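FYI, the numbering for the sequence shown is 278 to 404, going by our numbering. Just so you know, even glycine gets a beta-carbon here, dropped at the ideal spot from N, CA and C. The structure displayed is predicted, hence computed values, not measured ones. A quick write-up on the structure given underneath.
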Amino acid sequence: LKNHFGAIHNPEDFHKFACDPAISDVNRALAIASKQRLVIFDALRVLYDGGPAYQPGCVVPYWAVMASTDPVAIDTKVCQLIDLCRQQKGLPPLATLEYPPKHIKTAAAAGLGIGEDDRIDLIVYQA
């Protein structure tokens with residue numbers, strides 16, 4: 278969902294309140310919503326802390342690429358992956374941080390996709 282911040286003017290102005298509801302607003306814009314068909318997420322290496330800037334000491338190899346037609350569903354799964362990495366490193370879940378990723382629930386409530394884990398179909402392919 279946040280990837281589209283690169284398509285707007287002054288995205289730093291929208292970072293207040295952890296980009297919520299700005300991320301949903303940007304994704305609802307007709308110029309984006311009418312064209313987005315596939316979301317691809319590079320999970321070759323997962324940054325689990327200190328982002329969004331690269332932090333070499335906070336990256337774990339995962340060697341996966343995730344794809345979805347639903348931007349909310351993929352963000353939901355990515356947050357779960359990050360939380361798994363954080364748990365393995367003894368860190369608290371994202372939801373407990375000062376700026377939790379609440380934009381996902383906002384986007385789901387806005388009808389941009391599915392944010393409930395039990396409603397997301399996950400298919401795993403292994404090479």
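Where the alpha helix (DSSP H) through residue i begins and ends
i           : result
residue 348 : 348 to 365
residue 303 : 299 to 305
residue 383 : 380 to 386
Check whether residue i and residue j have beta carbons under 9 Å apart
i           : j           : result
residue 324 : residue 313 : no
residue 304 : residue 286 : no
residue 284 : residue 292 : no
residue 344 : residue 317 : yes
residue 278 : residue 336 : no
residue 347 : residue 380 : no
residue 358 : residue 320 : yes
residue 384 : residue 301 : yes
residue 366 : residue 326 : yes
Pairwise C-alpha distance: residue j and residue i
i           : j           : result
residue 290 : residue 394 : 31 Å
residue 356 : residue 296 : 16 Å
residue 378 : residue 398 : 21 Å
residue 387 : residue 294 : 17 Å
residue 322 : residue 334 : 12 Å
residue 256 : residue 396 : This structure leaves residue 256 out entirely; the chain is present only between 278 and 404.
residue 315 : residue 309 : 12 Å
residue 373 : residue 307 : 33 Å
Residues sharing a beta bridge with residue i, DSSP
i           : result
residue 323 : 337
residue 291 : Its beta-bridge partners do not exist; DSSP assigns none.
residue 317 : 344
Proximity test, Cβ basis, 9 Å: residue i and chain B
i           : result
residue 336 : Among the protein chains of the structure shown there is no chain B, as only one such chain exists.
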